[in-house]
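Trainee: Numbering (the numbering used here), first residue to last: 4 to 166. We put the CB at the ideal spot given by N, CA and C, even for glycine. The structure's right below; bear with me while I get my questions together.
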């Protein structure tokens, strides 16, 4: 019986065999696709050249924009300097005009003073008569009177903190 069980086991083993494994081949890649993939990983000189050309154009555009900004700033500064110079010249002209006017006024005052001095001797008789009519005014300086009184009494001048 052992033999019969063993035979039965072998037959069942043979019946329950797994299905056969089929080997599939991987699809072949297109060579253009491989070249494109390789160029992304390892760029060729033409890709570098294109990138450099693009970069050069971008840099030129940036430099041109920067040069325009610098030119605009320089123009604004020159305009501000020109305005400041014009304002300074105008201020100098006004100052000179004021000096000239002040000199003319001083000369006119001097001439009026000389003219009044020439006329004064004739008018002094009139003023002396007016003084006698109203009397004279005596001016009093109390501080000088106190100082004179101290000196007459033999006292010293007052000092601050004994100095």
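Taking just the CA atoms, how far does residue 57 sit from residue 49?
Mentor: Cα to Cα, the separation comes out at about 12 angstroms.
Trainee: Kindly indicate which three-state DSSP category residue 49 falls into: helix, strand or coil?
Mentor: In this structure, residue 49 counts as helix in the three-state DSSP scheme.
Trainee: Along the chain, where does the alpha helix (DSSP H) that runs through residue 160 open and close?
Mentor: Counting along the chain, residue 160 falls outside any alpha helix (DSSP H), and DSSP gives it neither H nor E.
Trainee: Taking the alpha-carbon positions, what's the residue 102 to residue 90 distance?
Mentor: Going by the C-alpha atoms only, they are around 18 angstroms apart.
Trainee: DSSP on residue 153, reduced to helix/strand/coil?
Mentor: Helix, per DSSP.
Trainee: To the nearest angstrom, report how far apart residue 67 and residue 73 are at their CA atoms.
Mentor: The alpha-carbon atoms of residue 67 and residue 73 are separated by roughly 10 angstroms.
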